[in-house]
Amino acid sequence: MKILLEDTIPFGESYLHNVGEVSTYAWQNLAASDLADIDILALRSTTKVTPELLKDANKLQFVTTATAGTNHIDKACLDANNIAHSSAAGCNAVAVAEYVLSVLLHAQKSKKLDLYSATVGIVGAGNVGTALSVLLDAIGVRYKLCDPPLQEAGDKRAFVGMDDIAGCDVITLHVPFVRGGPYPTGNLIDSTFLRLLNDHQLLINACRGEVIDELALHARLASPNAPTVVLDVFNNEPAIDTRLFECCWFVTPHIAGHSVEGKVRGTQMIYEQICHRTGQKATKTLSDFLQSIPPIRVALQHPTATCLSVEDLIDVFHRIYDISIDDKDMRQSLEKVQMANDNAQSENVSAHFAALRKQYRVRRECSAHILIVPNNTSKEIMKTFECLGFSIQLEQE
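Count the sequence shown with this note's numbering and you get residues 22 to 418, in order.
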């Protein structure tokens, strides 16, 4: 099997070198002729799979992306040419859920909401929405789920409609960008929905920029009683509208899912898919590639309590992941770059946005961390930390 591998896939060659004959490419230079005689194409979202790209793909059997999203792949074209396709759906679900939790803890700290009397409306109950619900269950925060496709498919969880979601204290979006069909998500959050929100509510978009009507969002944020907004995604990436920065609480460069685990888990998933298609046994695991990191010693204010205090939760979790760092980096990088009609400035914004994503800092998920807690820490608190993904060690005497 000849495997063509995008060179941005973490550890891609190390995973696949003994699965087939592997060659790599840089997405900027990929040409249709490069796919001649290739059996399997493995890529990330930087590669756009189009009819033009596939015109010389005479042997291509399988296309897979090491990302959760698939909007960069023309699935209809692949189907028409009998080329199987897959993705790493769910690979970054935990990372995105931790991103949202970091926002919620900042909202608690800044008194924008009382987390333990609030209700979080989760729009999209797939991999990410489910991962977020697990974290909220762990810390005892109420939430509602909205996902009409899953509800119609017979998912047994309790669901609500968008009218109920509009009344939640927090609304966080985790749907794919779907252009057509019975449940399109383009401009799901439109002017009508935005008018239902007020300045006591928090709106978070960490899925796709196209899910929010940005013109309507601009107008709503410039009007009285506007909600607080956090954006990780934008329309027209990477040529984003930087004017949104002035009216949003946090802005980040589409990195909610960019944990080390999320990226390498994507490689693990496509490796397993390719092994299955080639009739080989998948023998490699994440632990073969992820470095262990030193334990973190935490000093809890209330170690003997029967529940984890919000102060201790904020202190520990923001040591692991603090969204304000990413917000600061993005604003500083783009503060002198203003969107305008001329191409030079637009290209400058695009280049900065792309660089922020490509050069993103090393960020590990909770599961990578061992917390050393006081030896009088209650079993209830240790259980909460474990449900958040941490491993726990008691401090030695």
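Ideal placement from N, C-alpha and C gives every residue a C-beta, glycine not left out. Source: prediction; values computed, not measured.
Residue state for A260 is assigned as coil, using DSSP reduced to three classes. Each residue's CA atom was taken as its position, placing K349 and I59 some 43 Å apart. In this structure, DSSP gives L156 a helical state, which the three-state scheme calls helix.
L236 and S212 have their C-alpha atoms roughly 9 Å apart. Bounds of the beta strand (DSSP E) holding H106 are 105-108.
No Cβ-Cβ contact shorter than 7 Å links D190 with L224.
Closest option to F411, judged by alpha-carbon separation, among N396, V394, C387, I402: C387. By DSSP's assignment, I413 forms a beta bridge with L392. Scanning its chain for C-beta atoms nearer than 6 Å, with the 5 sequence neighbours on each side dropped, one finds no residue around A320. Put simply, the backbone Cα of D28 is about 11 Å away from that of T68. Ranking Q289, P169, T288, P259 by CA distance to the CA of I276 puts P259 first.
For the stretch 259-343, the continuous alpha helix (DSSP H) assignments of 4+ residues that do not extend past its boundaries occur at 281-298, 331-341, in sequence order.
The Cβ atoms of T85 and S66 do not sit closer than 7 Å to each other. Note: G142 is bridge-paired with K165, I192 in the DSSP secondary-structure output. About 7 Å separates the beta carbon of V162 from that of Y137, a gap short enough to meet the 8 Å contact definition. Annotated three-state conformation of N102 is coil, per DSSP. Taken through DSSP and simplified to helix, strand or coil, Y46 comes out as strand. Using a Cβ distance threshold of 7 Å, G142 and I192 count as a contacting pair. Rounded to whole angstroms, the Cβ separation of N226 and D185 is 19 Å, and the two are not in contact under 8 Å. Annotated three-state conformation of V254 is coil, per DSSP. Straight-line measurement puts the Cα of A174 at about 21 Å from the Cα of L153. Where T86 is concerned, the enclosing beta strand (DSSP E) starts and stops at 83-86.
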